[in-house]
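Residue numbers (the working numbering), protein chains in the order written: chain A, 215 to 573; chain B, 521 to 788.
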């Protein structure tokens with residue numbers, strides 16, 4: 215399938231005509247930062263953004279959503295609630311597309327999650343390639359998520375005064391045909407496209423001191439690494455790292471009874487494995503009481519558990535967690551420290567030396 | 521053969537008793553001590569929902585909103601902190617009458633703003649407020665209800681959140697533990713998609729303060745002042761390093777805690 219091109223002067227009419235069909239959300243400015251938000255005018259859309267505070271995950275797994283309505287009494291009744299509006303999400307960067315891909319796997323494996331899937335089904339994702347790193351905190355290249363293999367309907371690459379458009383799905387192809395703004399790519403367009411691609415790659419650095427495929431095994435031998443205790447001492451257990459994470463999908467389910475105590479709704483809302491009561495079960499037992507255990511769990515999820523479950527990295531290197539962490543817990547530093555200390559001369563040897571000294 | 525429990529429940533007098541119990545609404549009383557009565561005002565401000573609430577409970581005593589008083593109540597909501605000797609006895613009386621005692625708002629829950637006076641001499645405070653009439657009054661360092669009597673639950677905040685108050689009432693009516701979060705304000709702030717207060721060049725008590733307010737202050741451009749008290753297990757050592765990194769002196773740190781949390785050890 216040959217590439218198409220949308221000239222930048224035609225973007226406004228493209229987005230406006232999308233807005234006539236359904237809600238369009240994209241990056242907009244908020245006090246010097248960016249957020250994904252519905253737009254009602256093309257001028258609000260900031261496709262030159264670096265990264266948003268929250269990932270687009272909130273459109274598939276909202277912060278809080280009703281999943282069930284019920285009436286109590288002799289004949290108790292309940293019915294599922296599924297809220298899903300058709301929506302275009304425009305300007306999604308490769309890291310976030312990779313993250314949505316992982317969420318798709320998580321919410322469709324074993325038990326199909328209808329609330330997620332309905333919203334996902336009704337969403338059109340228009341990706342946007344990154345020609346520059348967001349800032350010093352992004353490490354997408356290390357995690358293998360600077361590129362996308364799929365998970366989008368359309369994918370834009372900024373080549374100066376135009377966007378080269380790639381299809382990722384029949385929906386995207388059909389959308390582009392219907393809105394009639396794209397033209398065929400010329401040889402000159404393609405030459406510029408290749409130049410942009412070539413220039414972009416060296417601008418991003420590999421920050422992990424290992425290949426990302428080593429991570430699951432590295433973690434497997436790092437369960438008792440003293441680093442977790444150090445992180446536990448620093449961590450404020452505020453949950454920020456996980457709440458801004460595009461691949462975190464843990465939620466809590468709560469019942470909210472109406473004031474008449476006869477009817478109510480069941481809500482699910484974001485939860486975080488970093489919060490003290492996350493692993494508390496009936497009877498009061500808490501399986502991850504210590505902050506160190508909770509931090510370890512977080513990194514095991516990102517670098518090992520999810521990868522083993524879904525075959526995709528649990529971390530996409532967007533760097534939102536480290537940007538939001540007041541005590542600067544940085545995944546790159548964590549993984550590199552584990553790598554350095556698990557090799558001979560690292561903590562294992564220190565432990566042996568300490569043991570020998572004792573006896 | 522001995523009658524089973526369902527058999528027993530079917531007997532007429534038992535049926536009548538069960539019916540009666542179902543009919544009896546829990547009796548609620550609302551009291552106040554040293555405070556601005558703003559938390560009670562929040563309850564009054566429930567308006568339509570207040571009528572629904574009155575359908576579920578019997579309010580038997582509430583000076584701010586009704587006439588009449590009874591000492592027969594099941595649940596006592598108490599606003600305000602204890603700031604005079606005589607108030608201790610009155611609070612102990614309320615504790616004796618109530619099956620469940622709920623602290624209403626920051627003053628009752630953690631001592632609140634009233635505890636600012638604890639950092640002065642009591643004589644000095646009395647003179648400052650009452651001038652030459654000071655001799656007619658007495659005052660003691662302000663303290664939360666829990667410093668005087670056992671407190672079962674709290675509706676935190678300055679003022680309380682109306683919706684949260686209703687959630688607490690509902691939970692108590694159902695015999696459940698009120699759903700007061702034990703995680704910091706950051707959680708709700710992040711969910712709102714706010715820019716971190718620290719990134720705006722301010723400092724904020726959000727990382728160690730109990731959530732439940734919907735991060736209302738940071739959402740509207742302010743910082744968290746800590747009115748809901750600290751979470752159960754705050755990492756204060758690490759948090760103090762964060763404040764230090766953002767340029768706060770020890771004195772400034774203490775002052776930020778003293779606004780609402782002055783009664784706690786951390787601010788002393």
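Glycine included, each C-beta is placed from N, C-alpha and C at the ideal position.
Of the listed residues the options, nearest to residue i (C-alpha basis)
i	options	result
residue 622 of chain B	B:750, B:744, B:685	B:685
residue 712 of chain B	A:268, A:479, A:359	A:268
residue 291 of chain A	A:492, A:249, A:478, A:506	A:478
residue 620 of chain B	B:551, B:733, B:593	B:593
residue 777 of chain B	B:617, B:568, B:705, B:729	B:729
residue 760 of chain B	B:726, B:599, B:693	B:726
residue 674 of chain B	B:660, B:702, B:653, B:654	B:702
residue 253 of chain A	A:224, A:272, A:263, A:302	A:302
residue 471 of chain A	A:231, A:251, A:282, A:237	A:282
residue 481 of chain A	A:468, A:491, A:492	A:468
residue 564 of chain B	B:579, B:613, B:554	B:579
residue 539 of chain A	A:517, A:225, A:351	A:351
residue 513 of chain A	A:544, A:526, A:525	A:544
residue 533 of chain A	A:255, A:319, A:265	A:265
residue 249 of chain A	B:775, B:781, B:699, B:710	B:710
residue 708 of chain B	B:678, B:737, B:695, B:615	B:737
8 Å Cβ cutoff, residue i in contact with chain B
i	result
residue 219 of chain A	no
residue 548 of chain A	no
residue 249 of chain A	yes
residue 286 of chain A	no
residue 474 of chain A	yes
residue 245 of chain A	yes
residue 277 of chain A	yes
residue 481 of chain A	no
residue 268 of chain A	yes
residue 508 of chain A	no
residue 317 of chain A	no
residue 260 of chain A	no
Minimum Cβ-Cβ distance from residue i to chain A less than 8 Å
i	result
residue 742 of chain B	no
residue 776 of chain B	no
residue 605 of chain B	no
residue 665 of chain B	no
residue 645 of chain B	no
residue 622 of chain B	no
residue 655 of chain B	no
residue 704 of chain B	yes
residue 688 of chain B	no
residue 619 of chain B	no
residue 710 of chain B	yes
residue 564 of chain B	no
residue 692 of chain B	no
residue 675 of chain B	no
Expected contact under 8 Å - CB spacing of residue i and residue j to nearest Å
i	j	result
residue 259 of chain A	residue 229 of chain A	6 Å
residue 749 of chain B	residue 589 of chain B	No, residue 749 of chain B and residue 589 of chain B are not in contact; Cβ-Cβ is about 30 Å, not under 8 Å.
residue 227 of chain A	residue 395 of chain A	6 Å
residue 457 of chain A	residue 486 of chain A	6 Å
residue 329 of chain A	residue 296 of chain A	6 Å
residue 488 of chain A	residue 459 of chain A	That belief does not hold up - the Cβ atoms of residue 488 of chain A and residue 459 of chain A are roughly 10 Å apart, past 8 Å.
residue 316 of chain A	residue 520 of chain A	7 Å
residue 741 of chain B	residue 780 of chain B	Their Cβ separation, rounded to whole angstroms, is 19 Å, which puts residue 741 of chain B and residue 780 of chain B out of contact at 8 Å.
Contacts around residue i, its chain only, beta-carbon distance under 6 Å, and the 5 residues preceding and following it disregarded
i	result
residue 340 of chain A	304, 368
residue 348 of chain A	264, 265
residue 327 of chain A	321
residue 635 of chain B	662, 782, 783
Contacts around residue i, its chain only, beta-carbon distance under 8 Å, and the 5 residues preceding and following it disregarded
i	result
residue 285 of chain A	291, 292, 476, 477
residue 552 of chain A	432, 433, 436, 439, 441
residue 372 of chain A	261, 342, 343, 345, 410
Close-in-space but distant-in-sequence residues of the same chain around residue i (CB under 7 Å, 5 per side omitted)
i	result
residue 506 of chain A	442, 443, 445, 446
residue 681 of chain B	732, 733
residue 385 of chain A	338, 367
residue 490 of chain A	451
residue 530 of chain A	309, 312, 313, 354, 357, 359, 460, 461
residue 663 of chain B	601, 602, 631, 783
The region 434-463 of chain A: positions lying closer than 7 Å to chain B by Cβ: 447, 448, 449, 450, 451, 452, 453, 454, 457, 458
Interface positions of the region 486-503 of chain A facing chain B (Cβ-Cβ less than 8 Å), listed along the chain: 486, 489, 490, 491
Proximal residues, the region 713-729 of chain B versus chain A, C-beta separation under 9 Å: 713, 714, 715, 716, 718, 719, 720, 726, 727, 728
Residues within the region 531-545 of chain A neighbouring chain B, beta-carbon criterion of under 8 Å: Listed in sequence order: 538, 540, 541.
Residues of the region 510-522 of chain A whose Cβ lies closer than 7 Å to any Cβ of chain B, in chain order: none
Residues in the region 744-764 of chain B having any Cβ partner in chain A nearer than 9 Å: 751, 752, 753, 754, 755, 757, 758, 759, 761, 762
Interface positions of the region 566-599 of chain B facing chain A (Cβ-Cβ less than 9 Å), listed along the chain: 569, 572, 573, 575, 576
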